[in-house]
Amino acid sequence: MVLKDPYNRTVSNLRISLTSRCNLRCIYCHAEGEVQPQEQMSAEDIAELMRVGVQFGIRSVKFTGGEPLLRRDLVDIIRSVPPGVESSLTTNGTLLAEKAAELKEAGLARVNVSLDTLRPERYRAITGKDILADVLAGIDAAIEVGLTPVKLNMVLLEGINEDEVDDFMAFVRNKPDLILQVIELMEFNECKFHGDVDSVEQDLNERATRVVTRRMHHRKKYCLDGAEVEVVRPLHNTEFCAFCNRLRVTSDGKLKPCLLRSDNLVDIRGKHGKELEDAFKEAVGRRKPFFT
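Throughout the sequence shown, residue numbering follows UniProt numbering, covering 1 to 292 in sequence.
1) Indicate the three-state DSSP secondary structure (helix, strand or coil) for residue 153 in the structure shown.
2) Mapping DSSP to helix, strand and coil, what is residue 55?
3) Taking buried to mean at least 16 other C-beta atoms within 10 Å of its own C-beta, is residue 271 buried or exposed?
4) Run through the DSSP bridge pairs and tell me what residue 227 is partnered with.
5) Does the distance from the C-beta atom of residue 153 to that of residue 183 stay below 8 Å?
6) In chain order, what residues of the same chain have a beta carbon less than 6 Å from the beta carbon of residue 246, not counting five sequence neighbours either side?
7) Tell me where the beta strand (DSSP E) around residue 63 begins and ends.
8) For the beta strand (DSSP E) containing residue 199, list its first residue and its last residue.
9) Cβ of residue 185 within 8 Å of Cβ of residue 165?
10) Which of the three DSSP states is assigned to residue 98 in this structure?
11) Using three-state DSSP, classify residue 69 as helix, strand or coil.
12) Helix, strand or coil: how does DSSP classify residue 267 here?
13) If the criterion is Cβ atoms closer than 8 Å, does the pair residue 93 and residue 135 meet it?
14) Start and end of the beta strand (DSSP E) containing residue 15?
15) With DSSP run on the structure shown, which of helix, strand or coil describes residue 175?
16) Per DSSP, residue 85 forms a beta bridge with which residues?
17) So, is residue 159 buried or exposed, given that buried needs 16 or more other C-beta atoms within 10 angstroms?
18) By Cβ distance below 7 Å, which residues in the same chain neighbour residue 69 in space, the five residues on each side in sequence not counted?
19) Using a Cβ-Cβ cut-off of 8 Å (strictly less than) and excluding sequence neighbours within five positions of residue 1, which residues of its own chain qualify?
20) Can you check whether the CB of residue 106 is closer than 8 Å to the CB of residue 139?
21) Please report how far the alpha carbon of residue 67 lies from the alpha carbon of residue 18, in whole angstroms.
22) Comparing alpha-carbon positions, which option in 26, 128, 24 and 45 lies nearest residue 254?
23) For residue 2, does the three-state DSSP call read helix, strand or coil?
24) Pull the bridge partners of residue 246 from the DSSP assignment, please.
25) Return the CA-CA distance between residue 7 and residue 283, expressed in angstroms with no decimal places.
26) With distances taken Cα to Cα, identify the nearest neighbour of residue 113 among 101, 143, 119 and 124.
27) In angstroms with no decimal places, state the Cα-to-Cα distance between residue 150 and residue 220.
28) Counting only the same chain and skipping the five closest in sequence on each side, list residues whose C-beta sits under 8 Å from that of residue 51.
29) I need the DSSP call for residue 124, collapsed to helix, strand or coil.
30) Need the endpoints of the beta strand (DSSP E) that residue 256 sits in, please.
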């Protein structure tokens, strides 16, 4: 059975937050839209969630946080991903070097690494820690073991890293296992560093030798000088909602139909079988575009 919401959008991806904990304190963190999360889900509940999801046509799952690598049972969770479902993970990369091989062996397909600057002093200012070298080592380890393509998530921050787009393109240039994602800042927690994504995208469009429109949110991928760059615009892009195929899951066990809403959650903690199936249907039925 394939689930479609009231706007005829098919749900085929689960984005599961494994923990609200993080070892960084980024100045713009939106915490996956979680509001005062309670105790995190067990590995068993997550496995049941994915099992039921497959029955409704879920084909891919992305694990997020907080920082998912802080979970000691992460490898067990990845091993519980049902056959035929692609699994990926978004991480800050600080713990990735030591765990990349084990994650790959457990069945993880690829990783996204959050990285907003290539300059140590800026990294410390953005995250609160002087450990940029650990992130770069994690990226190298991910490529080495085949957790690819590695997507670098660069949130564009006004007055902080807008001058580093070309530096990032040089970093990924002629490296087919690296893709740069320039991401529009989501305005959570009154963060005032919203960078000018329009000008960045206009520049990329003028310089690109090839432009591809991805089905996911109809976002653009720019190919130029051996670098592959995607622009992710969740706020000033109505197609972000129109082509959304995700159902989010909070770390404390609630189905979250939309990142930008917290008034329509469906509690699934402790639910199994038919009860969990009904919760899935209810959550999909509550999906409403943020942009209407």
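C-beta: ideal position from N, C-alpha, C; glycine also.
So, from the listed chains and residues:
1) The answer is strand: DSSP assigns residue 153 an E or B state.
2) The answer is helix: DSSP assigns residue 55 an H, G or I state.
3) By the beta-carbon neighbour count (other beta carbons within 10 angstroms, threshold 16), residue 271 is buried.
4) In DSSP, residue 227 forms a bridge with 224.
5) For residue 153 and residue 183, yes; Cβs fall inside 8 Å.
6) Excluding positions up to five away in sequence, the list reads 13 and 15.
7) Unbroken beta strand (DSSP E) run through residue 63: 60-64.
8) Residue 199 -> not in any beta strand (DSSP E); alpha helix (DSSP H) instead, spanning 197-207.
9) Taking 8 Å as the cut-off, the Cβ atoms of residue 185 and residue 165 do not count as close.
10) In the structure shown, residue 98 sits in a helix (DSSP, three-state: H, G or I).
11) The three-state reading of DSSP puts residue 69 in helix, counting H, G and I together.
12) In this structure, residue 267 counts as strand in the three-state DSSP scheme.
13) Yes, the Cβ-Cβ distance between residue 93 and residue 135 is below 8 Å.
14) First-last of the beta strand (DSSP E) with residue 15: 13-17.
15) Looking at residue 175 - three-state DSSP - the assignment turns out to be coil, as it is neither helix nor strand.
16) The beta-bridge partner set that DSSP reports for residue 85 is empty.
17) Result: exposed.
18) Non-local beta-carbon contacts of residue 69 in its own chain, meaning distances under 7 Å to residues more than five positions away in sequence, involve 91, 95, 96 and 99 in chain order.
19) Taken in chain order, the residues that qualify are 55, 56 and 57.
20) In this structure, residue 106 does not lie closer than 8 Å to residue 139 by Cβ.
21) Between residue 67 and residue 18, the alpha-carbon positions lie close to 8 Å from each other.
22) Of the candidates 26, 128, 24 and 45, 45 places its Cα closest to the Cα of residue 254.
23) The DSSP-derived three-state label of residue 2 is coil.
24) Bridge pairing for residue 246: 13 [DSSP].
25) Each residue's alpha carbon lies about 13 Å from the other.
26) Closest by alpha carbon: 143.
27) The C-alpha of residue 220 is placed about 18 Å away from the C-alpha of residue 150.
28) Answer for residue 51: 82, listed in chain order.
29) For residue 124, the three-state secondary structure derived from DSSP is helix.
30) DSSP places residue 256 inside the beta strand (DSSP E), whose first and last residues are 254-256.
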